[in-house]
Amino acid sequence: MRGKFLKVAVAATATAMLATACSGGGNDSDDAAGQAGGELRVYAAEPAFLLPSAGDDEPSIYVIRQLYRGLVKYNAETGAPENDLAESITSDDQKTWTIKIKSGYTFDNGEPVNADAFIRSWNYAAYGPNAQNNSYFMKRIAGIKDVSSEDPDGEGPKKAPEPKAKELSGLKKVDDQTFTVELSEPFSGFPTTVGYSGFFPMAQACVDAADKCNETPIGNGPYKIEGSWQHNVAINLVRSDTWKGEAGKPDKITYRIFADVDAGYAAFQAGELDVMYTLPPARYKEAKATYGDRLYEQPGDNFTYVGMPIYMPEFKDKRVRQALSLAIDRQSIIDAVFDGRFTPATGYIAPSFQGARENVCTYCKKDVEKAKQLLQEAGGWPAGKKLQLWANAGAGHDKWLQAVGDQIKAALGIDYELKVNLQFAEYLETADSKKFTGPFRLGWGPDYPYLETYLGPLYSTGADSNNSTFSNPEFDSLLQQGGSAKSIDEAIPFYQKAEDILVEELPVIPMWWGKVGAVYGENVDKFVWNAVSDADYGATSLKQN
Amino acid sequence: MGRYVIRRLLQFIPTVLGTMFLLHYMTSLAIQFSGNPVRALFGDRTPPPALLEAVTERLGYADPCLDQRGNPCFGLFFDRVADVFLRFDFGINLRQREVTELVADAIPFTLKLLVIAMVFEAVVGIAAGVWAGLRGGSFADNLVKISTVFVISVPIFVLGVVVREFVGVKFGNVLRDQAWIPEVISNGMFSPGFKPDYPFASLIIPGMVLGAVSLATTARLTRTSIMENIRADYVRTARAKGLANKRVIGVHTLRNSLIPVITFLGVDIGAAMAGAVVTETIFNVPGIGRLVTLSARTGESSVVIGVVTMLVLVVLVANLLVDILYAVLDPRIRYE
Amino acid sequence: MSDLTSAGTAIGGAPVGAEGPVPDAPATGGKERSASLWADARRQLVRDPVFMLAFVYVLVVGSMAAFPTLWTSQDPRNCSTDRSRLAPSGDHPFGFNILGCDYYSHAIYGARPSIVIAIMATGAIVVVGGALGLLAGYYGGWVDTIISRLMDIFFSLPFLLGAIVFLTVIKRQNILTIALVLFLLSWPTIARIIRGSVISSKDLDYVHAAKAVGASNGRIMWRHILPNAIAPMLVYATIVLGAFVAAEATLTFLGVGLQPPEESWGIMISDHQVYFLEDPWLLLFPCGLLVGTVLSFILMGDALRDALDPKFR
Amino acid sequence: MSTDVNVKLDALPGLDPNAMPLQVKDLHVEFRTRNGIAHAVNGVSFDLRPGETRAILGESGCGKSVTAQAIMGILDSPPGFITGGEILYRGVDLLKLPEAQRRKVRANRIAMIFQDALSALNPVFTVGFQLGELFRKHRGMSRKDGKARAVELLDLVKIPAAKQRVNDYPHQFSGGMRQRVMIAMALALDPEVLIADEPTTALDVTVQAQIMSLLAELQRERNMSLVLITHDMGVVADVADRISVMYAGRVIEEAPVDDIYASPAHPYTKGLLESIPRLDLKGQELSAIKGLPPALTNIPKGCAFNPRCRYAQDVCRQDPAPPLYQVSPVRTAACHFWKEVKGDV
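Going line by line, the protein sequences match chains V, X, B and L.
The numbering of the first sequence is the numbering used here, which starts it at 92 and goes up by one.
The numbering of the second sequence is the numbering used here, which starts it at 7 and goes up by one.
The numbering of the third sequence is the numbering used here, which starts it at 4 and goes up by one.
The numbering of the fourth sequence is the numbering used here, which starts it at 2 and goes up by one.
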């Protein structure tokens, strides 16, 4: 099941473009960056794709990030974007951006990493018939409409006509090392987004034979693949000689692929793995006791919420929504079901994001008295009607949702039933067509390292993922003002005001934020967790004997 | 015999086509009723319709009949049959990989697992069954009887998880601390799951778990069969011929007793292949069972239909071979 | 037949008298020459302590499934995450599960789906599989051809794989659909048993005799042929009941079985198997109940076969 | 025919070439089952002279086959146990021999023919294999020589086209041919004693006669002693020299064949004789013996036959069982009223 899509979060500090040249970093700020050498064996799930234009899931990105490098990278500790391949990314109007690329970088096959490499890659991703998952991320670039095929009758899948254009009109090459990007609308956060792996360059040879390149990637990063992708078994990376930047620490990175996280954990326990970036929920306590310091924990940015079907009369009154939210003891559920592996949500923006504030949501902690009172004021719950709680099947959501139901039942006397039979595809279609008949579980991972990612796509009127059908003109206008603000610092207050509206209206009940829990073995010298791009295997060093 | 084999082979045709149609109809219904499986690729994020459509088209889920509930989609079915049998094209999965390629990747692991399981269940199962059968009513007999029934009653996934944690992790770690134990034992065989460095050794324990249930059945079957045959008149004849006990048991009793056992083992190949689903999940073996499970979950009809049809063929061929073997082993059986 | 065999039969015929057989040894004799197969089998089973023990266990589990309130007054749905995974205590002999529900009452209420699925699926295979096997065996010809090919299709689908495919496709995983899928994938076995039995008994003299006096096909099948097939069918059905109870749990583990908030042993086992190192009792209680049930059915089936098949006397 | 000398057998301790080929003395066999002990053989004695044919006669379940198996040493044990008595082969007590030597006696010196050749021959091996096996295992011959001997044997028992048929499986033979194979197997190693357990019961009447005459012919040629176990009085009359009649594990009458036919001295023997359908008594009701033989776990007190006996008096219903009365110098009968029985025609 795919929950989390993008692994792009944002800087916790405001030093966005001013970052120092120092990269890598790690748990301790010692500049002894760990010695190079050795084979790092890491836990992995089967990636979907190893093409930057197609891989949009966690396992894919973990591998792609070591094979490829993009315009910017993120500071390991602060998450601030730092120029990687880019010499500079500048704009006067936040709409047209000029990107200069450092020279001298090449792909493993010798092709240069130049303006064409990026334009080629972004065009390939955007072109509709290529059906690349990351075309989604090209949507801010001008001309995206023309390269996607129009749905002729708006009736869903039919034989689609050829798109009008083959290339994005917004991408223009200036010279070999320079190109310009024109966005459809001004977006001050654009430079922070291009560190996402979907924006990484691709070699001509790769685009020409994408299927082959997917199996045996032609990267431009610090590592290259050894042999090719052994599906469901392993992916072996070795240090690349062509990489000109700061070299990776381990000589080899071996991704052992597991279908079942419990099986992976067993392998870790048996000493077959050095790093495991996630833990089976039930083993968290045990891992903490066994591995102590070698269990790495950090707040995450994955948002789990219970959506409110505002289109249903019972949920129209915000006091009902507030009452439901007040009935839930988040921490208790987290402790019981997840062994404390989440952080209760007290707002709509991930705590690690710039602009996030603590405890903005006053209705997000348990207060049974207030809940009862609010429900009464709202006219109570229709007698005998069961609250239907929705979740998709087979992903373990039913358990905590059941606990939510139990708590609501205990606090407000509303009996519930679970609707947890739908597989993910069908569940999502139900969401898209707004057919949920009660609160529904969904999650959200940030698209780009900018707080707007938690607001616009989910709650602005008519947004694709606005499954609650929330609509608030004031909220919409605040978002617009934030988008056209001159800088990030100026934009943030608008977004915070927008969040204030959400915590009062509760279009969705915030539940919790994910928490990172990784374990690493005794022979790992320094484990590096990047605040944005998660476990950074290339920067993790092994003890050298 | 030749005509019999040909007749049986001809009978495969309706069976295979029937299976394919059944699977085709099931998966088509699934799409018709619960929506485009491609949508799930995008998760929480609602994809732009144009992209969704492009991917759908590319993956072959765009046929209009898949929008009409209950439509058996004969056109699609005939296309698929033609693709499979004329062009040997089983289609692609949601990640755009050829099904044949997926199978080629997965089959060596499942095959190894199966071989280990079958050898284990045949050797140990028959030995235990003979041991128990010759000592009917004794301690040995009761031990085998009780332990086999117990093994059959424990759900295989519980057995698998317990073995993985206690044998693979706990006991394996003890072994790994002992320097004198060869790597292939401590790191290979007692690994908590499949390990690419030890592609065979690390499958031994999963194979044994897979074979455990059938081992119990094999042992029970052998035991009953031996007990039946040991009283048979021809065994008495063999004794009356002054043959040594070893020969009476080893040649005259065993040969007859093993006929039903071998038949069972042959039929069991299909069951073991299915059981591999659980074993492969627990021990992280990238085999066929896991492939089908994941594909069924994501609604990849081409993979489900392709792989399950291949498996059905394997089962059919295995059954035919068993029947032929049966005739070879038991000269009384003659197929017209 | 040699004399020994008849001697053996005669041995069994002795009235046992007041002392009876040695109590802990399963009785295998107990035949009076005049007694019918069934009465004889019954007598033998009643004397078999293993069978009786298994039978009592099945009765207990059956009563849990039918009348859970007999066994517990607790409400399994009364949960509080504050009590998550508390260890067994006097009031709560099985402790609490991760959601803080009383585990004992859960286990009692969990018997029903497991048992109901097994009974429904077994009933269906006996009725439908039996009927199809009877028709195929009795009429032969094209009826047999069609039914046999149909059997081939379902028979050659590897059981678990087939179940996974069907259940993921059906998507509504409830008692009915799971029973349906178990039935779909298992009926050919019983149909084969019946078909074989019918083919072998259809040429028996008394069947010809019945035909000669003009008995209808239905009557011949019902009165003369079916009774011969009952014994193997009964044995198989008993064993398969246990297999289905276990299958429900395995399907749940694979994520295609029953879904919460339904309570079943399978859900309890697969939900808590990951905790078995920390809180082994969470796995042991439901697993023990399940293994006991499966074991009982298998042992009952074994005993039945021994009792009904003269070969094993 | 086989002239090989089995050196090891001559080394049997106490072997007396002049002693009788077979002597059974007071043999007791019981079956220990969960439902109690079945006394299958209770003190059977008889002896066998060279070239003599002794018939053992009785209904199913009277212990005659068990006796044969005890002699051969192929009793299923458990549940069967020999609890007393001696079985002497030329003066050597077979029961005291170690298994290895006992095994050498089988087939080499004492061989046996079973009733149902179809089930007594291993269905999955060719006839040639099963015959040749004897030569390979007892005589150390090669596979090829063994087979050649098998062909000779099949010729000997008058199976046509022996060369081809040696490669056939038992089920490919007709009933009579199969029984010939059995005989060939028994005679392969040239035994001195042949035990034939109901050799013709499963066969058609015409074939029965052929088999019996073949047996008689071979016996004469080789001066073999024959123990013929049967319930068929007709067969006995033709070939036997002496008869032992068994009932409930005991020999209840022992006599030369002519004497028994002329005047049975035990009511049971009498009953058996009367149950033979006779042409001269056409139209009369067949007088079979009433009732069933007793269960061996529960043999009646006194004379085991008393519940079915029309001569029975109180004395018959009390222990001990009637002893063997000397009816004439050459015959005995275990009936208190043998005189009445003998006189009553």
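The C-beta atom is built at its ideal place from N, Cα and C for all residues, glycine as well.
Keep in mind the model is a prediction, meaning the values are calculated, not measured.
Between residue i and residue j, what straight-line distance do the alpha-carbon atoms span, to the nearest angstrom?
i	j	result
residue 572(V)	residue 471(V)	38 Å
residue 99(L)	residue 140(L)	20 Å
residue 154(X)	residue 520(V)	48 Å
residue 338(X)	residue 170(L)	8 Å
residue 320(V)	residue 191(X)	28 Å
residue 163(B)	residue 243(B)	15 Å
residue 189(L)	residue 226(L)	15 Å
residue 235(V)	residue 576(V)	23 Å
residue 323(B)	residue 48(B)	Absent from the structure is residue 323(B), since the part of chain B shown begins at 4 and ends at 316.
residue 99(B)	residue 489(V)	18 Å
residue 229(L)	residue 261(L)	16 Å
residue 235(L)	residue 271(X)	51 Å
Within this structure, are the beta carbons of residue i and residue j separated by less than 7 Å?
i	j	result
residue 91(L)	residue 17(L)	yes
residue 261(B)	residue 270(B)	yes
residue 135(V)	residue 344(V)	no
residue 199(X)	residue 354(V)	yes
residue 261(X)	residue 125(L)	yes
residue 178(L)	residue 113(L)	no
residue 18(X)	residue 322(X)	yes
residue 606(V)	residue 391(V)	yes
residue 198(B)	residue 144(B)	no
In chain order, what residues of the same chain have a beta carbon less than 8 Å from the beta carbon of residue i, not counting five sequence neighbours either side?
i	result
residue 204(V)	176, 192, 196, 197, 198, 292, 311
Residues in the same chain with beta-carbon distance under 7 Å from residue i, minus the five sequence neighbours each way, listed in chain order, please.
i	result
residue 216(X)	119, 123, 278, 281, 282, 285
residue 126(X)	213, 214, 217, 221
residue 565(V)	592
residue 320(L)	302, 303
residue 185(X)	none
So, for residue i: in the same chain, excluding its five sequence neighbours on each side, which residues have a beta-carbon less than 6 Å away from its beta-carbon?
i	result
residue 222(X)	154, 157, 158
residue 189(B)	128
residue 79(X)	34, 71
residue 193(L)	22, 110
With a cut-off of 8 Å on the beta carbons, I'd call residue i and residue j a contact; round off their distance for me.
i	j	result
residue 85(L)	residue 29(L)	4 Å
residue 297(X)	residue 273(X)	That belief does not hold up - the Cβ atoms of residue 297(X) and residue 273(X) are roughly 23 Å apart, past 8 Å.
residue 44(B)	residue 310(B)	4 Å
residue 272(B)	residue 254(B)	11 Å between Cβ atoms; not a contact.
residue 325(V)	residue 137(V)	Not quite, the Cβ-Cβ distance comes to about 10 Å (not below 8 Å), so this is no contact.
residue 189(V)	residue 271(V)	5 Å
Open item on the list: Please give the ranges of any alpha helix (DSSP H) in the stretch 259-314 of chain V, keeping only runs that are unbroken, at least 4 residues long and fully inside the region.
Closed with: 281-284, 295-299, 301-306
Task: 3 or more residues per run - each beta strand (DSSP E) lying fully within the stretch 426-454 of chain V - done: 433-435
Open item on the list: If we require 3 or more residues per run, which beta strand (DSSP E) segments fall completely within the stretch 502-558 of chain V?
Closed with: 507-510, 531-535
Open item on the list: For a minimum of 4 consecutive residues, which ranges assigned as the alpha helix (DSSP H) are wholly contained in the stretch 211-297 of chain B?
Closed with: Runs found: 229-256, 268-275.
TODO: At 3 residues or longer, and completely inside the stretch 12-83 of chain L: list those beta strand (DSSP E) runs for me, N to C.
DONE: 23-34, 37-49, 54-58
Task: 3 or more residues per run - each beta strand (DSSP E) lying fully within the stretch 221-304 of chain L - done: 226-231, 243-248, 251-257
TODO: Quick one: which unbroken beta strand (DSSP E) runs of 3-plus residues sit fully inside the stretch 147-208 of chain V? Chain order, please.
DONE: 163-165, 172-174, 177-182, 187-192
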